[in-house]
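One structure below.
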Ligand code: URP
Ligand code: ZN
Ligand code: ZN
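In structure tokens:
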């Protein structure tokens, strides 16, 4: 099967040029100013950007959490991802206390296998560390799970003490894996939560007020110091605050392999959302919480200057009418997480490229190339080059739309960006050569997505 994409503007992390792209079966085989060969399908990309498919390296599909379960499974979640221009995700498989890593990985593989419409990989969340888990980490790397997420937050759920974190880091260093860290000081946060509740402070905004930026910055500093001693790269997930970013910048200035992602919610939403009337603030309860609007420009500076390398979503949707209501009388019971898998590419294009914070090439880099490089997917994914998977997005930079729960494809009853007008829309998507979105109509099939074995550093 030959597909020829003609007349578009090809954009990669480094180049922007008018050109054609030839796809044969699952791969890109040729790029050129004008390719004239017979093809089974010709796609006219005039006035469109032709970019590598988005890679979202932080999603939580079908995940039990906070007394409930995230409401997008691998079918609805990956369909929404594809409609928004994302062609590969790296989700989180979870190890249960007293169970093996393989059991956790196989459980998540089972959830994804017949449902995913795009390619997927897994990080592994470790809940504990011991010698046998250390041995298994090596086996997981052989299966393509080459990054492990650890938590300094959520005592009693995912929290790990510094000694266990340090041992897991040392082991990751030995086997070429990367540590992903949820960096918030969970023990201090729990004290603040207890004190807030004792004063009768139960509404959603206290979620943010009990998770101050210092709790994130302190944990980020500690994570970097532990990683330096353990001689392993550390990747701070969902970085939200300028204070935590300062820790990353300082470490990188010292030449340490410290990396971080931020997410659209920290760039486009803010603490003010928690002040919305009634229980509306629960829609934005996530950890770390949304921060002051005035500090968002620090994150944009970090993104432009490469102190932040990735924009992922941390897509973890709970319905407002059911899941979020668990915390109606106690903010600490509101399930943590928000939807966003469908909106990332357009939000960042509109609010980042169009607003002049980042170039169009940096947009591609932050949402595709750089996550592919950091997490062992490059050059199979993350660029438009001969030999790479034909994961391609044809993006209309002029089209406008309004984000709304009434039209989005995510399986969740609200949008954190309800009513936001954006310019820049994903029009057509190829996943390994298959057209899975054609002029806005989803044409993919559950189960067509492949598990991707990721490489080590
Ligand atoms: O609030 C969040 N971020 N929920 C998802 C779980 C996590 O910590 O990433
Ligand atoms: Zn986290
Ligand atoms: Zn997460």
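In this note's numbering, the protein residues as written are 799 to 1255.
Each residue gets a CB set at the ideal place from its N, CA and C atoms; glycine is no exception.
In this text, all values refer to a predicted model and were calculated from it rather than measured experimentally.
Give every residue of the same chain whose Cβ lies closer than 8 Å to the Cβ of residue 1132, excluding the five residues on either side of it in the sequence, and list them in chain order. 864, 1002, 1005, 1080, 1083, 1122, 1124 and 1125
Ligand 1 heavy atoms versus the CB of residue 922: any closer than 7 Å? no
Residue 1271: CB within 7 Å of a non-hydrogen atom of ligand 3: Absent from the model: residue 1271. The displayed extent of the chain is 799 to 1255, so no value can be given.
Closer than 7 Å: residue 1108 CB and nearest ligand 2 heavy atom: no
Could you give the first and the last residue of the continuous beta strand (DSSP E) run that contains residue 978? Going by DSSP, residue 978 is part of the beta strand (DSSP E) stretching over 976-980.
Shorter than 7 Å, the distance from the beta carbon of residue 980 to the closest heavy atom of ligand 2, or not? yes
Taking the C-alpha atoms as reference points, what is the distance between residue 1201 and residue 1216? One Cα belongs to residue 1201, the other to residue 1216, and the distance between them is close to 6 Å.
Regarding residue 1035 and ligand 2, is the C-beta to nearest heavy atom distance less than 7 Å? yes
With distances taken Cα to Cα, identify the nearest neighbour of residue 868 among 1189, 1139 and 1040. Considering only alpha carbons, the answer is 1139.
Is the beta carbon of residue 1117 within less than 7 Å of some heavy atom of ligand 3? no
Give the DSSP bridge partners of residue 867, in chain order. 862
Sequence-distant residues of the same chain with beta carbon closer than 6 Å to residue 1056, five excluded per side: 1022, 1032, 1046, 1049 and 1050
What ranges does the beta strand (DSSP E) occupy inside the stretch 940-984, keeping only unbroken runs of at least 3 residues that lie completely in it? 945-949 and 976-980
According to DSSP, is residue 1117 part of a helix, a strand, or is it coil? Coil, per DSSP.
Residue 1267: beta carbon under 7 Å from a heavy atom of ligand 3? The structure shown does not extend to residue 1267, since the chain is modelled only from 799 through 1255, so no value can be given for it.
Just the C-alpha distance for residue 799 and residue 1254, rounded to the nearest angstrom, thanks. Cα-Cα distance, rounded: 32 Å.
For the beta strand (DSSP E) that residue 1058 lies in, which residues bound it at each end? Counting along the chain, the beta strand (DSSP E) containing residue 1058 begins and ends at 1056-1060.
How close, in whole Å, do the beta carbons of residue 1152 and residue 852 come, if the pair is a contact with beta carbons under 8 Å? Not really, about 17 Å apart at Cβ, beyond 8 Å.
Is it the case that the Cβ atoms of residue 952 and residue 984 are separated by a distance below 8 Å? yes
Contact under 8 Å by Cβ, residue 848 with residue 882: no
At what residues does the alpha helix (DSSP H) containing residue 1198 begin and finish? First-last for residue 1198: 1190-1200, but that is the beta strand (DSSP E), not the alpha helix (DSSP H).
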